[in-house]
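Residue numbers (my numbering), protein chains in the order written: chain A, 8 to 297; chain B, 4 to 317; chain C, 33 to 479. The C-beta atom is built at its ideal place from N, Cα and C for all residues, glycine as well.
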Amino acid sequence: MTTITQPRPTAAKGAPAAVGAKLFNRLCAVCLTLFALIWLVPFFWAIATSLRSDGSITQKPTSPFAGGWSLRAYSYAWDTYPIGTWYLNSLVISALAVIFTVAFCSMAGFALAFLRYRGRAAVLALAAAGLMLPSEALVLPQFIEYRSFHLLGTFWALILPSVAAPIAVFVFQSFFRGIPVALIEAARIDGASWWRIYARVCMPLCRPALSTVAILTFITTWNSFLWPLLVLSQTKSQTVPVGLASLLSNTNIQYAEVMASSVLGFLPLIAVFLVFQRQIVQGVATTGIK
Amino acid sequence: MTTVVPTRPAPTASAAGVPTGRPPRSERRAGVLLTAPFLVIYLVFLVGPLLVGVVLSFFNTTTVKSGLGEWVGLSNYAEVVTDPQFWDAMWHSVLFTLLTTPPLVVLALAGAILASRVRRGRVFYRLAFFAPYVVPSSVVALIFLWMYTPEIGLVPKVLGAVGLPVPDFLGSTSGGWTAVTLMTLWWTFGFNFVLYTAAIQDVPPDVYEAAAIDGAGPWQQIRHITVPLLGRTTSLVLILQILASLKVFDQIYLLLAGGPDQSTRPVIEYIYDTGFTSYRGGYGAAATIVYFVVIVAVSAAWYGLRRRATGTAA
Amino acid sequence: MSGAMARRRLLALGGGLALTGGLAACSSPLASGLTGSQPDTADVIFWNLFTGGDGANMVVMEDRFKKTHPGTSVEATVLAWGNPYYTKLALATASGTPPDVGIAHLSRLPLLAASGLLEPIEQAGLGELGVTADKFTPAAWRKATVDGTVYAVPLDTHPFVLYYNVDLARRAGLLDSGGDGLVPLKGAQDFLAAVKAMKTAGGAQYGAVMSITADPSTAWRYFSMIYSGLAGPVVTDSGTRIDLDGEAGQETIAFMQRLTGTGLMPGNLNGSGANALFSTGKAGFLFDGEWQIPSYRQVKGLRFDVVPFPALLGPEPVAYADSHALVVPRNEARSRARTRNAALFIRSLLDNSAVWAEGGHIPAWLPTQRSKAFLDQSPQRHYVRAAFNAQYDPAAWYTGAGSDFQSVVGGTIIEALAGRLTPKGAVPTLRSDLKRFTTARPPVTMK
């Protein structure tokens, strides 16, 4: 595109404008960087606090370099709270939710994209209506339903509701739509079953949709709070967010220990985010914008 | 997470080359079988609770006891709609929405526009703005509770140093709202930022180039090109924001526990208090349904408006 | 139940397929999360809500159990006090994964018991271990009984009591001839005169102080104690009927205002203000719960003692009180061996409750209450009588420690103490406060 505009003489008007634009852009960069630095303050503050001793914190709260550094708060936090168990629980729950969501929703998305069968329109309408359903608001009836199924206190109580994600079905469906029909027909003519076409032809082609759904399911399941708070009550069967919430208290004066626990709560996530940041951001953008 | 996908009318010739008419049995069977796992879970675990909620709202169910309890007709509803505390809680949810939505939309738009002018450091901005979004609410609350601690927290210290009055963040109603708003801003800003950034990237670059050639400065480009083109995104961001804010629970519960004196308690916490703390399952279900109707009305109104808007535009 | 078992097996199968078998087997909370079985991360899972000094004492008692029962492991979890704790206890029990032993306030017992969340203590095998009615403070045992069945083992009684500054009392001529106790006070007049003497003859800034502002529970305890000398519970029929005696209410508030309205006692003072005034000898009396004793003990140069409140408006002294009690949340799947461990643990806590008394609480277990280990503790031994005059919150599904009921009704009392409501004006306000609770449909029927 630049090749088209380049040869055109921009004359006298262009040069100062370009300088102005450059200056403007630089100004933008400064503003944005400032903004971003402010955004990072809570993280750094938590890390700085976690490395200090409680005594020096209360004496000189805002001078993070007073009183030396130590990792004592971390060893205390790790020994006092079963953070490792909480991580394992969160990991298992989120991983199972991802596996089931990807499997079931892609199957449904495939069927809705390519197959004609009875009830297809009804399923579409139902799922579309589900997009408007604020499931977080339904925790009370949900609790009572799960109680009668004897699912409370199990990880399945957290996994099943996240599998029922109409949004994931639509992400897959719209992605499958982009696959050329000729490809499917060719496979049909070769005698491939529908299952084979789904599993061997279409799924390998829809990596981006898969990663979008997987990442978003993972984040939402990992971070959900109210429902796990209600469903998993035994200390050692809790997830990371609910477990760490038990440290919240106005009267707690073990600042370093609490911040060490928070750092243990966010650092692994930030690390994962750094690795997958492109996919995560893309995932959020595509599901939001479509 | 609510997200929106257009639901185009199902194309009758989805498999375009296949002749219309009755599809073969194998195709019908595959369709049903492939849809079934999702459909069953969806019906049982998403639609199910809604129906259960409707049924429960007519009974005096005890949350922690099995069985429905006695039939009480519409009296739960009568009690909900005449309980001033329920409407207070509804108002708090709306107030939270009013407090957080404008800054979240405006700041995210501003941030995304700024970012569009900057070539380098994309990853850094992404990390700074979006990373908070992947952190669980309870961790965010732990950090902010510490930063808000009177006398020794970072925020009171900084405010004090620049000579601003320090609100009682955790002990007063207005301070509590300030605390929750700031924390929510920090936590969820990145989501809107990403949506806007993606939308700006969708604007074809030649539009700007053409404008630059016509002598439009950067400010004019933003005002006359970027902002108008983002109208659709803004409407999407707005509705996502409103729906998410009306469902607020985590931040207020964790930071303030709905206090002081229930003056910040959102409606979900009202349902939590009546339904779980007081075991009044049937009553809580009635409150759920009333609240639910409001939420669905809001989203339906938005869908309707959007459909009409796109209808006239097309 | 067999259906549930089959389903659980099915789920376990699914979990086993999804996970590598080794992972599920090596970590038992994980396995129980997938199968829904009772997590058995320890032989006794114990939930309580104690932090600070009480928390430390509880740890000592747990350690003593571990020492005397070396083969039995204990996992203790401390949860946030008040509603969050009770919500969690109830939901965990409803989910089939409750702790084996939990702490509950007796004032909270009616709802827990009526909802079927607790194992009667007889069925938990505590009777066989000698945990019987004759060994407990009668008032606490009575409150642990709901509808004829005992659902909790009282650990202590913690009454609202009268603190006094010994030096100021001496100057005010309020010490008895022996010099180590307060002169007997009989009725409202005596009491008012004593408070006045603290201020005038004793030279204190205030005759008495208590935490009022933003502390509705303390205000409610104070009101409830005085009012109970004149009339019965403010709500009856399991909390569905308002039984507020208007005259008694007016008289109670008028009495309270004779202290706050005359400068004898500040009408708006928060907890730390009351603490500062009493700690520095600027107040003669302090009205508060005995659980504050450990913190006042640490104040250098403060000599204080604690006695039960005398009879104020009625013929008999009344002590507003609550009790911490031990409960066994119901769990169909709990094995006999686990139940046995839970019972042994409870019995051990009772036997070691002299440690618990260091927090100011009166042991409900009479063998401890009469033991030297307790009787050596002062001022604890001075207000044991309060446990026998204990007046608890009225039995209802919404009352009890940390409940909305206390904060709402207490809020009105705060207004009266601050002088913003007259005795005449306060009664209708109280009535409308109560109406908010009595007209709501109870989640369970209680007899």
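Pull up the DSSP beta-bridge partners for residue i, would you.
i, result
"Pro52 (chain B)", "Answer by DSSP bridge pairing: none, since Pro52 (chain B) is not bridged."
"Glu107 (chain C)", "C:Ile77"
"Phe168 (chain C)", "C:Trp397"
"Ile216 (chain B)", "DSSP lists no partner for Ile216 (chain B)."
"Gln423 (chain C)", "C:Tyr352"
"Trp74 (chain B)", "B:Phe62"
"Gly134 (chain C)", "C:Trp79, C:Val359"
"Asn197 (chain C)", "C:Phe336"
"Asp188 (chain C)", "C:Pro395"
Select from the options the residue whose C-alpha is nearest the C-alpha of residue i.
i, options, result
"Phe132 (chain B)", "A:Val146, A:Trp76, A:Leu119, A:Ile45", "A:Ile45"
"Pro71 (chain A)", "B:Ile155, B:Phe147, B:Ser78", "B:Ile155"
"Pro116 (chain C)", "B:Ala300, B:Leu162, B:Val57, B:Ser281", "B:Ser281"
"Trp94 (chain B)", "B:Thr181, B:Ala113, B:Ile271, B:Glu212", "B:Ile271"
"Ile366 (chain A)", "B:Trp149, B:Tyr211, B:Phe196", "Outside the displayed range of chain A (8 to 297) lies residue 366 (chain A), so it cannot be described from this structure."
"Met139 (chain A)", "B:Ala182, B:Ile298, B:Thr236", "B:Ile298"
"Ala206 (chain B)", "B:Trp189, B:Ile225, B:Asp217", "In the sequence as presented, Ala is not what sits at residue 206 (chain B); that position holds Val. Taking only the C-alpha atoms, the option nearest Val206 (chain B) is B:Ile225."
"Phe82 (chain C)", "C:Thr109, C:His190, C:Val76, C:Asp72", "C:Thr109"
"Gly74 (chain A)", "A:Val99, A:Trp85, A:Arg59", "A:Arg59"
"Trp52 (chain A)", "B:Tyr80, B:Leu157, B:Pro153, B:Trp74", "B:Leu157"
"Leu98 (chain B)", "B:Arg123, B:Lys250, B:Tyr275, B:Tyr306", "B:Lys250"
"Trp74 (chain B)", "B:Leu59, B:Ala81, B:Gly51, B:Ala213", "B:Leu59"
"Cys35 (chain A)", "B:Arg32, B:Val121, B:Phe62, B:Thr104", "B:Val121"
"Gly272 (chain A)", "B:Val142, B:Ala260, B:Gly24, B:Ile274", "B:Val142"
"Gly211 (chain C)", "C:Pro395, C:Thr232, C:Phe336", "C:Phe336"
"Ala184 (chain C)", "C:Glu151, C:Pro216, C:Arg417", "C:Glu151"
"Ile166 (chain A)", "B:Met186, B:Thr267, B:Tyr45, B:Arg283", "B:Tyr45"
"Val108 (chain B)", "B:Ser238, B:Leu162, B:Ile203", "B:Ser238"
Exposed or buried, what is residue i when buried is set at 16 or more other beta-carbons lying within 10 Å of its beta-carbon?
i, result
"Asp197 (chain A)", "exposed"
"Trp252 (chain C)", "buried"
"Ala300 (chain A)", "Any answer about residue 300 (chain A) is impossible in this case: the structure gives chain A only from 8 up to 297."
"Gln330 (chain C)", "exposed"
"Lys489 (chain C)", "There is no way to answer for residue 489 (chain C), as the model of chain C reaches only from 33 to 479."
"Pro191 (chain C)", "buried"
"Trp397 (chain C)", "buried"
"Val37 (chain A)", "exposed"
"Trp388 (chain C)", "buried"
"Met33 (chain C)", "Residue placement at Met33 (chain C) is flagged as unreliable, the pLDDT there being 39, under the threshold of 50; the coordinate-derived value follows with that caveat. By the 10 Å Cβ count, Met33 (chain C) comes out exposed."
"Trp202 (chain A)", "exposed"
Is there at least one non-hydrogen atom of the ligand MN closer than 6 Å to the beta-carbon of residue i?
i, result
"Arg129 (chain B)", "Of the ligands one can find in the structure shown there are none, so the ligand MN has no counterpart to examine."
Three-pair Cβ contact test at 8 Å for the stretch 209 to 226 of chain A versus the stretch 52 to 67 of chain A:
no
Counting only Cβ-Cβ distances shorter than 8 Å, please list the residues of the stretch 126 to 158 of chain C near chain B, keeping chain order. Ala126, Leu143, Ser147, Gly148, Leu149
Practice item. For the stretch 229 to 244 of chain C, enumerate the residues whose C-beta is nearer than 9 Å to any C-beta of chain A, in chain order. Key: none
Margin query: Can you confirm whether the stretch 199 to 214 of chain C touches the stretch 278 to 295 of chain C when touching is taken to mean that 3 or more C-beta pairs between the two stretches lie within less than 8 Å?
Written below: no
Using a Cβ-Cβ cutoff of 7 Å, what residues of the stretch 259 to 286 of chain C are near chain B? List them in chain order. none
- Message: Closer than 7 Å between beta carbons: that is the criterion. Which residues of the stretch 94 to 117 of chain A meet it against chain B?
- Response: Phe111, Cys112, Met114, Ala115, Phe117
Positions along the stretch 78 to 101 of chain B whose CB lies within less than 8 Å of some CB in chain C: Ser78, Asn79, Glu82
Segment contact, 8 Å Cβ cut-off, at least three pairs: the stretch 243 to 263 of chain C with the stretch 344 to 354 of chain C:
yes
Counting pairs of Cβ atoms below 8 Å between the stretch 167 to 179 of chain B and the stretch 81 to 88 of chain B, do you hit three or more?
no
Check: Does the count of Cβ pairs from the stretch 284 to 298 of chain B and the stretch 137 to 157 of chain A closer than 8 Å reach three?
Finding: yes
Checklist entry - Any contact of the stretch 150 to 160 of chain C with the stretch 267 to 286 of chain C, i.e. 3+ C-beta pairs under 8 Å? => result no
Requested in this report: Return the residues of the stretch 213 to 245 of chain A that lie within a Cβ-Cβ distance of less than 8 Å from chain C, sorted by chain order.
Outcome: Leu237, Val238, Leu239, Ser240, Gln241, Thr242, Lys243, Ser244
Below 8 Å between beta carbons is the criterion; list the residues of the stretch 51 to 68 of chain A that meet it against any residue of chain B, in chain order.
-> Trp52, Ala53, Thr56, Ile64, Thr65, Pro68
* To do: Would you check if the stretch 412 to 419 of chain C and the stretch 98 to 113 of chain C touch, i.e. whether three or more CB-CB distances between them fall below 8 Å?
  => no
Positions along the stretch 276 to 293 of chain B whose CB lies within less than 9 Å of some CB in chain C:
Asp276, Thr277, Phe279, Thr280, Ser281, Tyr282, Arg283, Gly284, Gly285, Tyr286
Count Cβ pairs between the stretch 111 to 124 of chain A and the stretch 34 to 43 of chain B that sit closer than 8 Å; are there 3 or more?
yes
Original post:
Contact between the stretch 123 to 131 of chain B and the stretch 257 to 277 of chain B: three or more CB pairs below 8 Å?
Top reply: no
Check each residue of the stretch 268 to 289 of chain A: if its Cβ is closer than 9 Å to any Cβ of chain C, include it; give the result in chain order.
none
Check your understanding: Residues in the stretch 33 to 55 of chain B with C-beta within 7 Å of chain A's C-beta atoms, listed in sequence order?
Key -> Ala33, Gly34, Val35, Leu37, Thr38, Pro40, Phe41, Leu42, Ile44, Tyr45, Phe48, Leu49, Gly51, Pro52, Leu53, Val55
Check: Do the stretch 114 to 132 of chain C and the stretch 236 to 256 of chain A touch if we need at least three Cβ pairs shorter than 8 Å?
Finding: yes
Practice task
Give, in chain order, every residue of the stretch 125 to 146 of chain B whose Cβ lies closer than 9 Å to some Cβ of chain A.
Solution key: Val126, Phe127, Tyr128, Arg129, Leu130, Ala131, Phe132, Phe133, Ala134, Pro135, Tyr136, Val137, Val138, Pro139, Ser140, Ser141, Val142, Val143, Ala144, Leu145, Ile146
Relative to chain A, which residues along the stretch 91 to 117 of chain C have a C-beta separation below 8 Å, given in chain order?
Glu107, Thr109, Leu111, Ala112
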